[in-house]
Each structure stands twice: as C-alpha cells, then as structure tokens.
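Asker: Below is the structure I would like to discuss, written out as structure tokens.
Protein chains in written order, with our numbering: chain H, 20 to 403; chain R, 130 to 789.
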C-alpha cells in the first residue's frame, strides 16, 4: 500500500487504506507512555494492579480504540461538526454555570443522570475545531491584521471567561493558550503578538492580587517562595523536588521510591506521577519519557505540516499545542518551575477526563493524517 | 458571510506562513522540553545529594527511648527503688483519626469510664499530632494481648512495654527517697536538662521528692533512640535495628541507710506519729531515717486520685511531712546535755549541789520540777540522771542564753546539714541576738526565758536529725560529725561526715556529760533504766529521756495526758548511743504527742532499733558472740568415739530474741 493510493479518491476512501495510513509509530509511542504510567501506578500501589494500574491500562485501551475509530472519520465530517461541537461546548458551559455540581468549591461538573463530565473538556477540542474551521475560510491578509480578528477573539474569550468563572484557572489558561497558538499559526501580525504579550505581562500582577481566588493566589505566592511554609502550601512543591532530586541519575529502583511509597509525595499517581517516575527511575528514566513526549509532539506537528487543507493543518497543530502545553505545564509544576495548577501529565497521570480529551484530539490528528490529501471546501453541500 | 473565494496564491501564502510558524511552535515545544531536561539534570545530577539527604530525613525518624532510671540501693546493695515492666497503651493523634472514637473502641478491652475518657480527650487537645498519649498504664497480660491482637485494625494504637518505677519497701523510705511522677508543664524549661524532648515522652518520669528529686539528673541516664522508617503521617513502617542508639541506664545511688534498721524503726513506731534517726558515731553515716506515719510511694508513681491525696493531706498525723527533717519540736530534757556542757564550759562547778524541792519560786511564779516530791540536793551528774528540772532552771538562769546557744550550735542544733536531699528545717536556737531580731512582739530576752531554755522548752526547736547529730557528736567526743545520707553516686564516693573540725568542748566535760547519760540508762535510779536494757551482755546503751510539753501546765491540776486530745499531749523523746565504752551508733526517737514520758514511749523503741543496728555490726556481733575458751582439739580422739557429744551453746546474750 503506497501513499499514492491516498491521492486517488476512489482508493483512499477504502477503510483498509485508511487503516494502514494511521501513524503506527505514533500509536506505539502513546502505548509506551500509557504503559509507563501504569507501571508507576503499579509501584505506588505497593505492587498491585488495584486500584489504579489496571484501570489506567483498561481506560487507555478503550481510548485507543476510540482514537482509531475517530481517525477513520473523514476530515470533512470533523469540518462540518466543528461549529456544532463548539456551540454545544458553549451551551454546556452555560449549563454548568446554571445547574452544575459544586465539588470542592468549584462548579465544573455537569451531571446528566447517567454520566457526569466536565464541559470544559468538550471545549478543549471544540475551540481547536472552531478556530480551524474559521481560519480555513479566511485569507492570509485578513488573518494577519483586520477587523475579522474580533471573531476569533470572541470565540476564545467566551469559553475562557466561562471556565475561569467556575473557577478552573488551569483549563481556562489552557484554552486561551491553545486558541492563541492557532491564531498565531494562522498568521497573526507580529505587532499584535508583541502587544498581546506585553499586555499579558502587565496584567498578571493585578490579576494575581485582585481577580484570583484566595487559594489560587496562595499557590502563586507559594510558588514564588516555596520554603516559606514547607509543611503548608509549599509542601507539594518541596516534596516533589525532593522526590526528583533524590532519584539521582539512575533512580532508587522500581518500587523503592521512599517519597512516593511512604506518601510524602502528594497526588503521587495523578498530577505528580512524573515525580514518582523520577524518583524510581532517575534522570535516565525521565529523559527517556521526555524524549517520547517530544517524539509524539514532533510526529503530530509533522502530520499538521503534511496536510493539504488549511483546516487539517490548524486542527492538528491546535491539538498538538494543547498536548504540548499539558506536558510543559505539568513538567514545570512537578519540577518547581510553575505554581501548582491541576494540570496532569497526559497519558502518564491517572484520570479519565484528560485521557479522553487527549485521545479524541489525537483521533482528530490521525484523521487529518489519513485524509491529508482530501480537499476540504467550505461550500455548502460539500459534505453533510 | 459570502462564499470565501480563495486564490491559489493566497492558499500558498497561508501555507507558507503556517509552515514557518509551525516551525516556531515546534521550536517552542523543543525549547520547553530542553528546559525541563535541563531542570531535571540540575535537580537529579547536580543537587541529587542534597535531595537525597532531605529524602532520608523524611523517611527515617529517630524515636526517643527513655533510659532505665538508675537504682537506689541501701548500704548493703539492697534495692530500694527499681523499675519493673509496665504494659501500657498508647494512642497517637494524627489529625485524621478521631481519638474519641478510638477511646470508645478501647473501652471494650480496658476499663475506661466516661470520666477518664473526658480527661484523656483534654490531654489529646493539648498534645500535638504524632506524640503518643498514655491511655492506660499497668495493663494486665490479658488486656495487653487482647489489644495487641487487634493492633493491625487500629494503626494509631500501640500497646507496648515500658518501665515503671517501683519501691519494694513501699512506705519505709518514702520520705527519704521520694517518688517520681509525670512531667508537668511547670517542669519544662527553655534551656538546660529539663528542656530535653525526652521529658515529653509518655514513659518518662521526673523525680518529685527526696533522693529522686535531688539526684534526678544522675538517675535519668542517657536517652536512647530507635531508628524507624515512617510514612508521611509519621506512622512507623519499619524498625531499623542497626541504626538504634542504645539508651544508657541512670547511675545507681547508694544510700547509707540500712533496710533492716529502717524497717524495724517503721515497725516499732506502729501508728504513732514521729521520727527515728540512727547515725554512725564514727563516720556520720545515717543508718535509719524514718518518719511516721508514712505513705506508699508506689501510689504516687501511678498517680494519686484527688480522694487519695485528700486523705493523706487531711490526716491529723500528717503522713506527707518528713518529721525527721522538716518537723521541729521542743527537745525537752534531751536538751539538758547541751545546758550541762554550756555550764561546764562557763566554769560552773559540776559538784555544786542545788536543792530540788519539786519546785522553784522565781519571777513571781513557781517553776515546777517533773517530780512533785523533788529530787533533793543534786549535783550535775545526778541532775542529768534524774532529769532534774530545778537544777537546770537555775544553772541556765545563771549563765544566760548565749553560752547555751553557743553549745547548742556546736552540737548541731539550729542548722541544716548537707545530706544531699532538700527539706530540712533548721529549727530555733534562742539567744539574746536571736530574740532581738526575730521576735518583733517582745525583743528583749527575759530571765524567765532562760529558765525554760535550760530544760529545752521555750525558744528552742529541733528536728530528729539534729537530735541524732547531737547525740553522735557527744558519743564521738572529738569531732563535729556531719551526717551523710548518700554514700555514692554512680560508684563515686560522696565526701564522708568525719572530715570535720573538732568539738569546742574539753574531753573531761564531754566524759562527764556522757557519764550522766550512762547513768540514765544503767543506774537503777536512772529515768530510763528499765527501758534501756539491750540484753546484749556487756554491750550497753546510754541515753536521755525527754518529755516536751505543748501547752502550759500553769493552773492545770493533772499533767496526765490521758484525757486530752492528741494534739495537746506531750511529745516524748529519747536520745541514746551504744555501746557505752566505744560508741558506734547514736539514735534519736521523737514520738509526737505520745502523751506518756520519754522513758515509756520513746526509750523502748530506741532500744529495739538500736539492737538491730548493733547486731548487724560484725564487730559488735563478734563481741557479743565471744566464744567460750575451748581446749585444743588436736589430741582429742576421732569424732566417731563420742558421736553424741553435747555441743556447748553460745552465750545467752548471743541470741537476740532471748528474753532478758
């Protein structure tokens, strides 16, 4: 089966062809990451599949099948569903504002009776699709600098404000940065980028002092001076750094990390699983895992670059931006370079929501890859 | 929005921009990953050692182990205070488990009533997390094993074996040794030995009284530590035996006291209130120091209930007061040796006779002698032997108080001795200077004050220890002997009591006074003849009786104490030494409000205690058990020749139980 098959419309619509065009190296990399996560969960549970390691693998398997299934959907389906999904996301965010479940001081969950989920996750994919859809039909000049830009600004601003109000600052930031990345990739004028960056830097200190909630402000201030209260709010950062540093070059050995095994490390199987890994497998293990993450990012970006449709490019790179932000923010937090925000390490950390979001996003990326020669027109009736 | 018409060039331009910028995004991601890698290298390679230390200090913890408290033994090594195993129940509050619920569960296994639970809850509130609180001490083996079996279900509960102080002789040494108790907040200090964290250990006890308090730091020993692996909540996961620092037991404190003498003294006191002190006349060592009624120090270790404490504190005969050191009493006639020595030193001729007609009119009143009929003409020897009050009234009046005070001070009255434990009261030795400074109401010394001073009443008060010291100094005849209670601490000998300056009295004068005491106990007409017979052959005792009144007898028809309440009865005293030829032991006996006479109430008790002291002394024993001179056995035929030859028994006096 050759790539040229994809250029022949009759050939490329066959499922078998599509199937072979999925980036299987990429899939193996994802399996390695999820497997490493499960391995660490097995260790911190005291050499037990219960309660995390088994569930994590199972969940990953389910999400992997979902990802492959989504990869087979024609990219034009994604194109057509872009605005509806975004719209649904917005409606759900408003619904959460009105009827949502309040857990631990934040209203993030929507309970539909049979399932409860976070609408902000829908928005993570929705914003990527919607912006890609929008820029698909916008000329380079307009994308660089014009009044047209107010539309993507509104498209990003509305969900960000709704999510920040829940309050879920981490996710709001993630949505804003992902949206921003797509806007920049679409060709935003450097002058506006510089101005926005400047405005952001100027706006942060007053944001911290006046807009943030107390616990959020405390996290930021603790981050700036973690030793000020080692047993209080600086505890997480300090213990995580101890876990990392004490791992040394080769690590303490599998199952022998005292920081994680004796519970000094908080959230050892979720947000801080990277520190667990660092403690038991040392610099060697961490660098390897980071290399796999880098490879995943590289492969996804390459997929974006190869796509012939502007929609496909922007959608794939938007998902990659989200994933990259997850990895960098979680890594920086675990290593004491960023305040503690509830951003997990994708695929490594235990937790279903993020796994689903990321794998659905990767489904979109693979769909773009499989359909990279498919022409996407914005005309009515092109599809659907 | 109209249908977007996208030209190829435009499409190309968009694609070009995207490719350039996606390179930037890739570069940004790569830079981010490199930054994370660099940070990892910094933490895991450059600073690894620092974080390894922090990790180890998280993981391992040293738990303090209280050292076994040092023993307290008597002069023969008999143990007076030791430690025994104690099964105790500890509960740790960790901020997660509710201690109240734990206590309710524990109440199924050990007796914990609501009252006690409430008290423990208050203690939990004061105690920081992870510091164990002792819920129950001294569990039975059944209770201990019942808790231990269920320990895995209750991770914040531990049943372990600690040590608890025990006093095998209960009350006999309670006042001297004192007791240990839980540490109070007041005991803790910012610096010094009482700032150490071992004081907060639930098994630690601090010395509260007597030797336990005075030698607390020596008895404590050196705290050990147990190296344990702990989790984030401070729970013990594993014990690393190789990392343990062993605790070092406290030093042994050896006392000069003798268990047998002490026990006999306690026995003979019965339920009387008073004190007996026995002192070695050559070394100054105290062999016995008993105060009665006593209390069981073991109860104080366990913790006294309010009711128990009230019972002890409210009892009229005051068990908690150490009457040998802290109780001061008028010495009565036991003071007459002092007056006599003062008189001899002042140049009064002892052979001068003073007539006693049973009373003496002076200063507008009649000063009565204890003997209504009078003693007739008395010289100093007779006056001591008969304890004639009239003689000493007049001699004291002639001298005035100051020579008497000087003699009293030289004999040990009016002062405290450094015997290592606190609690002595110096009492009173009256003089013109003393009265001028101390008695604000009436600062002048009146002649009448001298009169009663001469017979040990009025401005004079002494304790049992001082009486024993006085007697020992008289018996020793040369040195101002000091008492010693602590023989050695941790094997290091304490300074002895006989490295002291000589007595400021001439040997003849001391011999004269001693002769008077010998007559008291050995002349048939002496005041305590019958009560002073030891029945130990030629090992004999010398003594002096004393009866000190606690109320005025002016206008009282009968001096008999039988009908008055306990608190108004006379004190009965006896001081003695033995043997009379080369004195070894001095004794003082005080019976508070005994209500009889010194001879009746105090002397027989002194005799019993003295007998034990003498019979325990190998030299004296050899003297008593002196074998009969036997023929040389070398040319006697073999044993078989006379199988049932009668064996000559030891001399009669050798048997201490033999009636006299």
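Where is the CB? At the ideal position from N, CA and C, for every residue including glycine.
#1: How many angstroms separate the CA atom of residue 356 (chain H) from the CA atom of residue 223 (chain R)?
#2: Distance, Cα to Cα, residue 20 (chain H) vs residue 39 (chain H)?
#3: Give me the chain H residues within the contact set of residue 188 (chain R), using Cβ-Cβ distance strictly less than 7 Å, ordered along the chain.
#4: Unbroken beta strand (DSSP E) runs of length 3 or more, entirely within the segment 535 to 598 of chain R: which are they?
#5: Please name the residues in the segment 249 to 268 of chain H whose beta-carbon is closer than 9 Å to at least one beta-carbon of chain R, in chain order.
#6: To which residues of the same chain is residue 788 (chain R) closer than 7 Å at the C-beta, ignoring the five residues directly before and after it?
#7: Can you give me the Cβ contacts of residue 355 (chain R) inside the same chain, cut-off strictly under 6 Å, excluding the 5 residues immediately before and after it?
#8: Between residue 775 (chain R) and the rest of its own chain, which residues show a CB-CB distance below 7 Å, the 5 nearest in sequence each way excluded?
#9: Give the residues of chain H in contact with residue 151 (chain R), contact being defined as C-beta atoms less than 8 Å apart.
#10: Considering only residues of the same chain and omitting the five flanking positions on each side of residue 345 (chain H), which have a CB-CB separation below 8 Å?
#11: Grouping DSSP H, G and I as helix and E and B as strand, with all else coil, what is residue 41 (chain H)?
#12: Taking 8 Å as the cut-off, does the segment 401 to 412 of chain R touch the segment 712 to 726 of chain R (at least 3 CB pairs, one atom from each stretch)?
#13: Where do the N-terminal and C-terminal ends of the alpha helix (DSSP H) with residue 209 (chain H) fall, by residue?
#14: Do the segment 161 to 169 of chain H and the segment 131 to 147 of chain H meet, that is, are 3 or more Cβ pairs less than 8 Å apart?
#15: Short of 8 Å in beta carbon distance, which residues of its chain neighbour residue 254 (chain R), apart from the five on each side in sequence? Order them along the chain.
#16: With residue 382 (chain H) as the anchor, note down where its beta strand (DSSP E) starts and where it stops.
#17: Considering Cα atoms alone, identify which of R:721, R:670, R:673 is closest to residue 694 (chain R).
#18: Check whether the Cβ of residue 226 (chain R) lies closer than 8 Å to any Cβ atom in chain H.
#19: Can you list, in chain order, the residues of its chain whose CB lies under 7 Å from that of residue 201 (chain R), leaving out five sequence neighbours each side?
#20: For a cutoff of 8 Å on Cβ pairs, would you count residue 143 (chain R) as touching chain H?
#21: Suppose you measure from the CA of residue 358 (chain H) to the CA of residue 291 (chain H); what does that come to, to the nearest Å?
#22: Rounding to the nearest angstrom, what Cα-Cα distance links residue 263 (chain R) and residue 338 (chain R) in this structure?
#23: Could you run through the segment 356 to 390 of chain H and flag, in chain order, every residue whose CB is less than 9 Å away from some CB of chain R?
#24: Rounded to the nearest angstrom, how far is the Cβ of residue 473 (chain R) from that of residue 479 (chain R), given a contact under 8 Å?
#25: Kindly indicate which three-state DSSP category residue 242 (chain R) falls into: helix, strand or coil?
#26: Curious, which full-length beta strand (DSSP E) runs of at least 3 residues does the segment 192 to 224 of chain R contain?
#27: Residues in the segment 168 to 197 of chain R with C-beta within 7 Å of chain H's C-beta atoms, listed in sequence order?
#28: At a CB-CB cut-off below 8 Å, which residues of chain R make contact with residue 302 (chain H)?
#29: Only counting runs of 4 or more residues, tell me where the alpha helix (DSSP H) segments fall wholly within the segment 503 to 536 of chain R, in order along the chain.
#30: Counting only C-beta atoms, is residue 418 (chain H) closer than 8 Å to chain R at any point?
#31: Against chain H, with Cβ distances strictly below 8 Å, would residue 158 (chain R) count as a contact?
#32: Buried or exposed, going by whether 16 or more other CB atoms sit within 10 Å of the CB of residue 451 (chain R)?
#33: Could you run through the segment 347 to 371 of chain R and flag, in chain order, every residue whose CB is less than 8 Å away from some CB of chain H?
#34: Compute the Euclidean distance between the alpha carbons of residue 114 (chain H) and residue 226 (chain H), then round it to the nearest angstrom.
#35: Among H:67, H:72, H:149, H:63, whose alpha-carbon lies nearest the alpha-carbon of residue 100 (chain H)?
#36: Can you tell me which of the three DSSP states residue 179 (chain R) falls into?
Answerer: So, to answer that:
#1: One C-alpha to the other measures close to 32 Å.
#2: With a pLDDT of only 49 at residue 20 (chain H), under 50, the local geometry of the prediction cannot be trusted, and no value is derived from it.
#3: Simply 277, 281.
#4: Whole beta strand (DSSP E) segments, 3+ residues: zero.
#5: Residues 257, 258, 260, 261, 262, 263, 264, 265, 266, 267, 268.
#6: Residue confidence is low: residue 788 (chain R) scores 40 on pLDDT, short of 50, so the model does not pin down where it sits. Its coordinate-derived value is still stated next. Counting only Cβ-Cβ distances below 7 Å, and skipping sequence neighbours, we find nothing.
#7: Sequence-distant Cβ neighbours of residue 355 (chain R) in its own chain, meaning closer than 6 Å and more than five residues away, are 192, 194, 373.
#8: Per-residue confidence for residue 775 (chain R) stands at a pLDDT of 49, beneath the threshold of 50, marking its modelled position as unreliable; no derived number is given.
#9: Neighbours of residue 151 (chain R) on chain H, chain order: 204, 320, 323, 324, 332, 336.
#10: 193, 362, 363, 364, 365, 373, 377.
#11: In the structure shown, residue 41 (chain H) sits in coil (DSSP, three-state: anything other than H, G, I, E or B).
#12: Touching, per the Cβ criterion.
#13: In this chain, the alpha helix (DSSP H) harbouring residue 209 (chain H) covers 209 to 225.
#14: No, the segment 161 to 169 of chain H is not in contact with the segment 131 to 147 of chain H.
#15: If we look at residue 254 (chain R) and ignore the five residues flanking it on each side, it has no Cβ neighbours.
#16: In the DSSP assignment, residue 382 (chain H) falls outside any beta strand (DSSP E) and within the unbroken alpha helix (DSSP H) covering 371 to 389.
#17: Comparing Cα positions, the closest option is R:721.
#18: Taking a beta-carbon distance threshold of 8 Å, residue 226 (chain R) does not count as an interface residue toward chain H.
#19: If we look at residue 201 (chain R) and ignore the five residues flanking it on each side, its Cβ neighbours are 209, 210, 306, 340, 382, 384.
#20: Judged by the 8 Å Cβ criterion, residue 143 (chain R) is in contact with chain H.
#21: If I take the Cα positions, the gap works out to 13 Å.
#22: Whole-angstrom Cα-Cα distance: 23 Å.
#23: Cβ contacts with chain R: 356.
#24: Right, their Cβ atoms sit about 6 Å apart.
#25: Here residue 242 (chain R) carries a coil assignment [DSSP, helix/strand/coil].
#26: With a minimum length of 3 residues, the continuous beta strand (DSSP E) runs that stay inside the segment 192 to 224 of chain R are 208 to 220.
#27: So the close ones are 168, 169, 170, 172, 173, 174, 176, 177, 179, 180, 181, 183, 184, 187, 188.
#28: Per Cβ cutoff of 8 Å: 169, 170, 173, 174.
#29: 509 to 515, 518 to 528, all fully within the segment 503 to 536 of chain R.
#30: Given that chain H is displayed from residue 20 to residue 403, the structure contains no residue 418 (chain H) and the question cannot be resolved.
#31: Contacts with chain H at 8 Å (Cβ-Cβ) include residue 158 (chain R).
#32: Residue burial annotation: residue 451 (chain R) is buried, with at least 16 other C-beta atoms found within 10 angstroms of its C-beta.
#33: Cβ contacts with chain H come from 358, 359, 360, 361, 362, 366.
#34: The straight-line gap from Cα to Cα measures roughly 26 Å.
#35: Among H:67, H:72, H:149, H:63, the Cα nearest to that of residue 100 (chain H) is on H:149.
#36: The answer is helix: DSSP assigns residue 179 (chain R) an H, G or I state.
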